[in-house]
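**Student:**
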Amino acid sequence: MSTLGSADSVPVVDAVAAWTVDNHDTVIDWRRHLHSHPELSHQETATTQFIVEKLTEAGLSPRRLPGTGVTVDIGGGADAPAIAFRADIDALPLTEVTGLDFASRTPGVMHACGHDIHTTVVLGLACALAEYDREHGLDQQVRCIFQPAEEVLDGGATDVIRAGALDGVSHIFAVHAEPKLRAGQIGVRTGAITSATDVVELIVRGPGGHTSRPHLTADVIYAVGVLITQLPGLLSRRVDPRTGTVLTFGAVSGGSAFNAIPQEATLLGTLRTGSPTVWRELDTLFPQLVEQILAPTGATAEIRYTKGVPPVTNDDACTAIMAQAVKDVDPHALQEAPQSSGGEDFSWYLEHVPGAMARLGAWTGSGEKPDLHQPNIVLDEACLPVGIRMFAGVVDQFDRFGRPGRGNFTD
1 MSTLGSADSV
11 PVVDAVAAWT
21 VDNHDTVIDW
31 RRHLHSHPEL
41 SHQETATTQF
51 IVEKLTEAGL
61 SPRRLPGTGV
71 TVDIGGGADA
81 PAIAFRADID
91 ALPLTEVTGL
101 DFASRTPGVM
111 HACGHDIHTT
121 VVLGLACALA
131 EYDREHGLDQ
141 QVRCIFQPAE
151 EVLDGGATDV
161 IRAGALDGVS
171 HIFAVHAEPK
181 LRAGQIGVRT
191 GAITSATDVV
201 ELIVRGPGGH
211 TSRPHLTADV
221 IYAVGVLITQ
231 LPGLLSRRVD
241 PRTGTVLTFG
251 AVSGGSAFNA
261 IPQEATLLGT
271 LRTGSPTVWR
281 ELDTLFPQLV
291 EQILAPTGAT
301 AEIRYTKGVP
311 PVTNDDACTA
321 IMAQAVKDVD
331 PHALQEAPQS
341 SGGEDFSWYL
351 EHVPGAMARL
361 GAWTGSGEKP
371 DLHQPNIVLD
381 EACLPVGIRM
391 FAGVVDQFDR
401 FGRPGRGNFT
411 D
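Per UniProt numbering, the sequence shown runs over residues 1 to 411.
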């Protein structure tokens with residue numbers, strides 16, 4: 001990799017922009033290696049080793065997390081508050097059908113959520129800042145967090161936090177690849193940018209019976225039908241619909257014969273909300289609604305309620321910092337991101353320190369826009385230098401102005 005310029009007055013954002021040009025092919029190679037060698041949650045051993053090797057080659061001293069994952073610090077004094085940048089590193093249990101030359105070599109595993117993009121962006125930032133620190137000295141301490149297991153409940157973020165990744169961190173930032181936005185664009189949003197996501201399983205039970213005598217039993221098939229049709233509507237009458245609270249069932253099972261009412265049937269679904277307040281109440285409210293609906297049917301239900309993650313709620317000041325960093329990359333790149341109904345465990349970091357997540361445009365600009373978690377999704381690598389430069393812009397603002405609330409931070 002080539003080195004950054006030698007002028008002591010060069011701003012971080014300009015030096016990192018030059019680094020992305022000089023190291024364009026290297027960054028692409030990193031991403032393609034990661035994409036072709038995906039690993040599932042809590043199994044990211046080779047991915048962790050790859051990240052450690054590249055950070056070490058850049059002259060840094062990475063710290064392995066328990067199991068998988070890495071953190072590394074760049075610049076600043078040991079006692080100075082750090083700003084952190086997080087990337088998730090795990091892949092999904094999907095079989096890739098993109099036809100790319102660098103498609104997954106691991107059967108049944110694919111980077112279909114852009115985590116290879118996220119990892120490459122933060123890895124590029126770390127290596128670029130390492131060179132800047134050697135050449136000029138970086139006053140602002142930066143921590144890069146490479147987190148495992150985002151794709152599973154309740155998310156690897158909690159393990160990373162327990163391992164001390166946020167110790168000494170004042171603010172944290174992240175991006176998520178967005179196939180609906182053209183590469184070169186970045187979407188930001190104040191407040192909730194994702195939704196809380198919980199998993200619900202209902203095991204509906206009754207004594208069973210013959211279909212010729214449904215009046216002599218509690219018909220669990222009928223009860224399941226009532227739950228499917230009435231629960232979402234009743235929920236919308238008990239929770240403010242402006243919070244985006246939505247119940248959706250994705251799996252139904254029960255019975256095996258046309259003339260037998262089974263003793264058990266199962267419903268499996270997700271419960272999502274954009275409100276942190278509502279999220280904290282749903283696991284109490286949901287069983288009450290189920291009981292009320294089932295009472296006339298005579299059936300009962302065992303409820304297995306799995307708390308997922310709260311919404312990613314962006315801090316106002318941190319969102320403004322990211323927006324300014326986007327405009328520094330390209331005045332026309334800034335977009336307003338809609339709130340997603342998907343879940344993201346980056347939210348756990350924001351329960352501890354202020355921060356923000358942005359949507360990193362990764363659509364090629366032509367053809368269809370396959371959604372995330374699809375086996376045919378192709379993300380545009382042109383987004384990589386954009387993400388690295390935007391993060392460098394965040395570092396630059398902290399390096400020049402300090403923490404939010406001190407001086408003209410976002411002017």
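Even glycine gets a Cβ: it sits at the ideal position worked out from N, Cα and C. Note that the coordinates shown come from a computational prediction; the quantities given were computed from them, not determined experimentally.
1) Of the choices ALA183, ARG182, TYR222, ALA260, whose alpha-carbon is the least far from that of SER212?
2) For VAL278, tell me which candidate among ASP198, ILE228, MET322 has the shortest Cα-Cα distance.
3) Here's a check: name, in chain order, each residue in its chain whose Cβ is nearer than 8 Å to the Cβ of GLN263, leaving out the five neighbours to either side.
4) Tell me where the alpha helix (DSSP H) around SER347 begins and ends.
5) Curious, which full-length alpha helix (DSSP H) runs of at least 4 residues does the region 133 to 181 contain?
6) Where ALA257 and ILE117 are concerned, what is the direct C-alpha to C-alpha distance, given to the nearest angstrom?
7) Could you check whether ALA192 and GLN339 sit closer than 8 Å to each other, using their CB atoms as the reference points?
8) Tell me, which residues are paired with MET357 by DSSP?
9) Between the Cα of ALA325 and those of GLN292, VAL386, SER347, spot the shortest distance and give me the residue it belongs to.
10) Give the DSSP-derived three-state secondary structure of SER236 in the structure shown.
11) Cα separation between residue 413 and LEU216?
12) Apart from the five residues on each side of it in sequence, which residues of its chain come closer than 8 Å, Cβ to Cβ, to VAL188?
13) Please work out which residues of its chain come closer than 7 Å, Cβ to Cβ, to LYS307, disregarding the five sequence neighbours upstream and downstream, and give them in chain order.
14) Where does ASN23 land, buried or exposed, given buried means 16+ other C-beta within 10 angstroms?
15) Give the straight-line distance between the Cα atoms of GLU96 and GLN374, rounded to the nearest whole angstrom.
16) Using the beta-carbon count (16 or more within 10 Å), is ASP133 buried or exposed?
17) Is it the case that the region 137 to 148 contacts the region 20 to 37, given that we only count it when at least three CB pairs across the two stretches are under 8 Å?
18) Classify SER275: buried if its beta carbon has 16 or more other beta carbons within 10 angstroms, exposed otherwise.
19) List the DSSP bridge partners of ASN314.
20) Near THR243, what residues of its chain come up, given a Cβ to Cβ distance below 7 Å and the 5 sequence neighbours on each side ignored?
21) Please classify SER253: does DSSP put it in a helix, a strand, or coil?
22) Using the three-state DSSP reduction, which class does ASP411 fall into: helix, strand or coil?
23) What is the DSSP secondary structure of LYS307, reduced to helix, strand or coil?
24) Which class does GLU302 belong to by DSSP, given the choice of helix, strand or coil?
25) Alpha carbon to alpha carbon, what distance is there between HIS171 and ARG86?
26) Does the region 10 to 19 come close enough to the region 390 to 405 that 3 or more CB-CB pairs lie under 8 Å?
27) Use the C-beta contact count for LEU202: other C-beta atoms within 10 angstroms, 16 or more gives buried, fewer gives exposed.
28) Taking just the CA atoms, how far does GLY75 sit from LEU55?
29) Which of the three DSSP states, helix, strand or coil, is assigned to VAL109?
30) So what's PHE85 in DSSP terms, helix, strand or just coil?
31) Please classify ALA7: does DSSP put it in a helix, a strand, or coil?
32) Measure the C-alpha to C-alpha separation of ILE51 and LEU40 and round it to an integer number of angstroms.
33) Go through its chain and collect everything with a Cβ distance to PRO179's Cβ below 7 Å, but skip five positions before and after it.
34) Residues in its own chain within less than 7 Å of TRP348 by CB, not counting five upstream and five downstream?
35) What are the boundary residues of the beta strand (DSSP E) that includes GLU264?
36) Does ILE28 come out as helix, strand or coil in the three-state DSSP assignment?
**Tutor:** Let me lay it out:
1) Within the sequence shown, numbered from 1, the residue matching residue 212 stands at position 212. It is ALA260.
2) Within the sequence shown, residue 278 is the residue found at index 278, counting from 1. The option with the nearest alpha carbon to VAL278 is ASP198.
3) Mapped onto the sequence shown, residue 263 falls at position 263. Excluding positions up to five away in sequence, the list reads ARG205, GLY206, PRO207, GLY208, VAL220.
4) Taking the sequence shown and counting its residues from 1, the one referred to as residue 347 is at position 347. Taken as a continuous stretch (DSSP letters only), the alpha helix (DSSP H) holding SER347 covers 347 to 350.
5) Whole alpha helix (DSSP H) segments, 4+ residues: 157 to 162.
6) Within the sequence shown, the letter at position 257 stands for residue 257. Within the sequence shown, the letter at position 117 stands for residue 117. Distance between the alpha carbons of ALA257 and ILE117: 49 Å.
7) Position 339 of the sequence shown, counted from the start, is the residue given in the question as residue 339. Position 192 of the sequence shown, counted from the start, is the residue given in the question as residue 192. Taking 8 Å as the Cβ cut-off, GLN339 and ALA192 qualify as a contacting pair.
8) As a working mapping, residue 357 is identified with position 357 in the sequence shown. In DSSP, MET357 forms a bridge with ALA174.
9) As a position in the sequence shown, residue 325 is number 325, starting the count at 1. That would be VAL386, whose Cα lies nearest to the Cα of ALA325.
10) Against the sequence shown, residue 236 aligns to sequence position 236. DSSP places SER236 in helix when its eight states are reduced to three.
11) Because residue 413 is not part of the residues shown, which for the chain are 1 to 411, the question remains open.
12) Stepping through the sequence shown from its first residue, residue 188 is reached at position 188. ASN314, THR319, MET322, ALA323, VAL326, LEU334, GLN335, GLU336, ALA337, ALA356, ALA358, ARG359.
13) Here the question's residue 307 lines up with position 307 in the sequence shown. These residues qualify, in order along the chain: ASP154, ASP198, ASP283.
14) Position 23 of the sequence shown, counting from 1, holds the residue named residue 23. Per the 10 Å Cβ criterion, buried.
15) Against the sequence shown, residue 96 aligns to sequence position 96. Against the sequence shown, residue 374 aligns to sequence position 374. The straight-line gap from Cα to Cα measures roughly 8 Å.
16) Numbered from 1 along the sequence shown, position 133 holds the residue referred to as residue 133. With 16 or more Cβ atoms within 10 Å of its Cβ, ASP133 is classed as buried.
17) no
18) Within the sequence shown, the letter at position 275 stands for residue 275. Buried, by the Cβ-count rule.
19) Here residue 314 refers to the residue found at position 314 of the sequence shown. Looking at the DSSP assignment, ASN314 forms a beta bridge with GLY191.
20) Residue mapping note: residue 243 aligns to position 243 of the sequence shown, counting from 1. Same-chain partners within the cutoff: THR273, GLY274, SER275, VAL278.
21) Within the sequence shown, residue 253 is the residue found at index 253, counting from 1. Three-state result, SER253: strand.
22) In the sequence shown, counting from the first residue as 1, residue 411 sits at position 411. In this prediction, ASP411 has a pLDDT of 36, which is less than 50 and means its spatial position is unreliable; nothing more can be read from the coordinates.
23) For the purposes of this step, residue 307 is identified with residue 307 of the sequence shown, where counting begins at 1. If DSSP states are grouped into helix, strand and coil, LYS307 belongs with the strands.
24) Along the sequence shown, read from residue 1 onward, the residue named residue 302 stands at position 302. GLU302 falls in the strand class under three-state DSSP.
25) Along the sequence shown, read from residue 1 onward, the residue named residue 86 stands at position 86. Along the sequence shown, read from residue 1 onward, the residue named residue 171 stands at position 171. Computed Cα separation, rounded: 11 Å.
26) yes
27) Along the sequence shown, one-based indexing puts residue 202 at 202. Classification of LEU202: buried, given that the 10 Å Cβ count is 16 or more.
28) Taking the first residue of the sequence shown as 1, we reach residue 55 at position 55. Taking the first residue of the sequence shown as 1, we reach residue 75 at position 75. Distance between the alpha carbons of LEU55 and GLY75 is about 14 Å.
29) Start at 1 with the first residue of the sequence shown, and residue 109 comes out as number 109. Looking at VAL109 - three-state DSSP - the assignment turns out to be coil, as it is neither helix nor strand.
30) Within the sequence shown, the letter at position 85 stands for residue 85. Reduced to three states, the DSSP call for PHE85 is strand.
31) Taking the sequence shown and counting its residues from 1, one reaches residue 7 at position 7. Residue placement at ALA7 is poorly supported in this model, since its pLDDT is 42, which falls under 50; the coordinates are not used for a value here.
32) Counted from its first residue, the sequence shown places residue 51 at position 51. Counted from its first residue, the sequence shown places residue 40 at position 40. Their backbone Cα atoms lie some 16 Å apart in a straight line.
33) Residue numbering aside, residue 179 sits at position 179 when the sequence shown is read from its first letter. Within its own chain, the residues whose Cβ lies closer than 7 Å to the Cβ of PRO179, once the five positions on either side in sequence are excluded, are ALA362, TRP363, LYS369, PRO370, ASP371, LEU372, ILE377, LEU379, listed in chain order.
34) Along the sequence shown, read from residue 1 onward, the residue named residue 348 stands at position 348. Non-local beta-carbon contacts of TRP348 in its own chain, meaning distances under 7 Å to residues more than five positions away in sequence, involve GLY155, ALA157, THR158, ILE161, VAL309 in chain order.
35) In the sequence shown, the residue the question calls residue 264 occupies position 264. Counting along the chain, the beta strand (DSSP E) containing GLU264 begins and ends at 264 to 273.
36) On the sequence shown, residue 28 is found 28 positions in, with the first residue counted as 1. Residue state, collapsed to three classes: helix.
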